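Have a look at the structure below, then the notes.
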Amino acid sequence: MTTGARRRMGVEERRQQLIGVALELFSRRSPDDVSIDEIAAAAGISRPLVYHYFPGKQSLYEAALRRAADELAARFVEPRQGPLGARLLRVMRRFFDFVDEHGPGFSALMRGGPAVGPTTNAMIDEVRQAAYEQILAHLGVGDPPARLELVVRSWVSLAESTALLWLDGRRIPRAELESQLVHDFAALAAVSAAYDGEMASLLLRMLGDEPADGPFGDLVDRLGALLPKVPAGAAQPAR
């Protein structure tokens, strides 16, 4: 009779279970506050058995981070169909889903700490690079000019810092921040277009496919409602 007996896991299956358990704990609390004993108890195994699969908490943390980094990078993958504004909004919703699910761990990772070393920093950079490359792919640009690289990398950093600030009290509705970040991308591109003809062409192409009721159209409406309130002469060039 085997009913009720605990099934013996293979080596890789047990490793993946421990990674999943650790990631869940690291998602709720800072990795520095999670002990090997807690991980072992959550996995239903002994402390020595954890060390059989991982030499220490740092290696387990890095394995959990690897899974989280791959998952976070995948949130930026979006079919290249339809208006860009709608695509970016879907990406931001999935990004904030991840932030919501892994709040304390995401915050501890991005803000640094004793658990963050060269390996973890390299994985963070991989996520940022994956997000950067995905956005370029959506723009249909393979070899970005310097100003476009600045816009996209600045926007990826802005999304990251916005998420960290949101986690500290969640004082702004999440849906508003998701829309605002899409608007931020358009604003960064528009400012750059004011200085560079190549960026201006890209911006016009980007906006040419946008519907009036899309995220970028919403930004135009909001700015249009604001402009009449600007004091007379405020936007006049200095003499």
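Take the sequence shown: its letter number 166 is residue 169 in this note's numbering, and every next letter is one higher.
C-beta atoms are modelled at their ideal positions from N, C-alpha and C, and glycine is treated no differently.
Note that this is a predicted model, so its numbers are computed, not measured.
- Bounds of the alpha helix (DSSP H) holding V94 are 87-104.
- Sequence-distant Cβ neighbours of S195 in its own chain, meaning closer than 6 Å and more than five residues away, are R150, V154, M202.
- Scanning the region 187-227 for uninterrupted alpha helix (DSSP H) segments of 4 residues or longer gives 200-211, listed from N- to C-terminal end.
- Taking a cut-off of 8 Å on C-beta distances, the region 204-223 touches the region 177-194, as three or more cross pairs fall below it.
- For A67, the CB contacts under 7 Å within the same chain, skipping 5 residues up- and downstream, are I22, A25, L26, F29 in chain order.
- In the displayed model, M12 falls within coil according to three-state DSSP, outside both helix and strand.
- Ranked by Cα distance from W169, the first of F98, P121, G143, S33 is F98.
- Between E136 and the set A89, D171, F109, V80, the nearest pair of CA atoms involves V80.
- Sequence-distant partners of E129 (beyond 5 residues in either direction) whose C-beta falls short of 8 Å from its own C-beta, in its chain, are A72, A76.
- Taking the CA atoms as reference points, R90 sits about 8 Å from Q84.
- Contact between M126 and R70 does not hold, since their C-beta atoms are separated by about 10 Å, which reaches or exceeds 8 Å.
- For W158, the closest C-alpha among the options V94, I39, N124 is that of V94.
- When rounded, the separation of the alpha-carbon atoms in E181 and G88 is 11 Å.
- Here DSSP, grouped into helix, strand and coil, assigns R150 to helix.
- Scanning its chain for C-beta atoms nearer than 8 Å, with the 5 sequence neighbours on each side dropped, one finds around T122 the residues E65, in chain order.
- Put simply, the backbone Cα of A162 is about 43 Å away from that of R11.
- Cβ-Cβ separation between P107 and S33: approximately 6 Å, consistent with a contact (criterion under 8 Å).
- Separation of P231 and A189 (C-alpha to C-alpha, rounded to the nearest whole angstrom) is 21 Å.
- One alpha carbon belongs to R177, the other to S49, and they sit about 40 Å apart.
- For the pair M209 and V102, the Cα-to-Cα distance works out to about 28 Å.
- For E104 and R31, the gap between their C-alpha atoms comes out near 8 Å.
- Taking 8 Å as the cut-off, the Cβ atoms of P86 and E213 count as close.
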